[in-house]
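Note that the numbering used here has the sequence shown beginning at 4, numbered continuously upward.
First comes the structure, then the notes that go with it.
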Amino acid sequence: MSPTETFLAEPFRTLWAGQDPFVAVEALRGEVFRELAGRRTLRTEVDGRGYFVKIHRGVGWSEIVKNLVSLHRPVLGAGDEWRAVQRLHAAGIDTLRVVAYAQRGDDPARRASFIVSEELAPTISLEDYCAEWPRQTPDLRLKRALIRGVGEIASRMHQAGVNHRDFYLCHFLLHLDPPPTPERLRLSLIDLHRAQVRPHTPQRWRDKDLAALYFSVLGLGLSRSDYCRFLVAYFARPLRQVLRDEARLIAHLRREAQRLQARFVRKVARGEMT
């Protein structure tokens, strides 16, 4: 069965010339980050450059049914990430640079696919970069620039019809070369394998993304002014207007973030978080 979709850029266009890309991608070796029956994630190197590889081998009907019964949309392969990356690039948002992608198979339970992207380096996740903020006061201007940057990315993403579904601070990468300054910083959004792409982002899914982001910054000691600065960047409206028009949303996000925090604490207590 030949691939129904294939995209190859260098160096894989040359490296895999004349080969079945599904056989070639399985032969890649490197540091494995996740190994499941239907999915494999690893980092590999080609000519001294790093690449991240996600291989999907089909989830099976039992997994699809389990997700649907739980009212969750199952991840059926690399196609969602591929489409999300294309939409984000079109919206002017820095994200992964895909160098290889393919998908084949009409049966959603057995569909095979993979996606290979360049390693973004040198970078650090915002979760790690901001971890010391509660104990060590960050540069105020840089902090404000980062908050504004995250808000603008979130806004453009949702306006482009993409919702992330794992919209946490750890999935923003801050580029370190050149060193970030308030006037010049670059953020990339990653880990889009659960993203959804539509003509317009439904309010429900927008709110879920915003609540997840809110939850992920709860421990950073952000001030009310910091949250307000994010809202102004996201809605691109004066603060007074945002607080008036979005009061219900703001209250909802606060409740949802607290609910996610309580669930996280329960999982830690049960030993489910490692």
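Cβ atoms here follow ideal geometry from the backbone N, Cα and C, with glycine treated the same way.
With a minimum length of 4 residues, the unbroken runs of alpha helix (DSSP H) contained wholly in the stretch 228 to 262 fall at 242 to 248. Sequence-distant partners of Leu242 (beyond 5 residues in either direction) whose C-beta falls short of 8 Å from its own C-beta, in its chain, are Cys231, Leu234, Val235.
Using a Cβ-Cβ distance cut-off of 8 Å, the stretch 79 to 96 and the stretch 24 to 35 are not in contact, since fewer than three pairs of beta carbons, one from each stretch, lie closer than that value. Nearest neighbour of Ala239 by Cα position, chosen from Glu259, Leu176, Ile193, Gln162, turns out to be Gln162. By the CB criterion at 7 Å, Val102 and Val56 fall outside the cutoff. Per DSSP, the beta-bridge partners of Ala105 are Thr9, Phe117. In terms of CA proximity to His196, His174 leads the group His174, Pro14, Val153, Pro141.
The shortest C-alpha to C-alpha distance from Val26 to any of Ser128, Phe117, Glu38 is the one to Phe117. If you draw a straight line from the Cα of Trp19 to the Cα of Val28, it comes to about 9 Å.
Counting other Cβ atoms within 10 Å of its Cβ, Gln244 stays below 16 and is therefore classed as exposed. DSSP, read as helix, strand or coil, puts Glu122 in coil. Here Ala260 is near Tyr217, since their CB atoms are less than 7 Å apart.
Taking a C-beta distance under 7 Å as the contact criterion, Leu177 and Ile127 qualify as a contact pair.
Of all alpha-carbon atoms in Glu13, Arg207, Val153, Glu121, the one lying nearest the alpha-carbon of Cys133 is that of Val153. Under the three-state reduction of DSSP, Val220 is assigned to coil, being neither helix nor strand.
Excluding its 5 nearest sequence neighbours in each direction, Val220 has C-beta neighbours in its own chain below 7 Å: Leu172, listed in chain order. Pairing Gly41 with Arg16 gives a Cβ-Cβ distance that is not under 7 Å. Annotation for Leu179: no beta strand (DSSP E) segment contains it, and DSSP assigns it neither H nor E.
By a beta-carbon distance limit of 8 Å, Ala215 contacts Leu263. Their separation comes to about 7 Å. Counting only the Cα atoms, Thr9 lies some 11 Å from Trp85.
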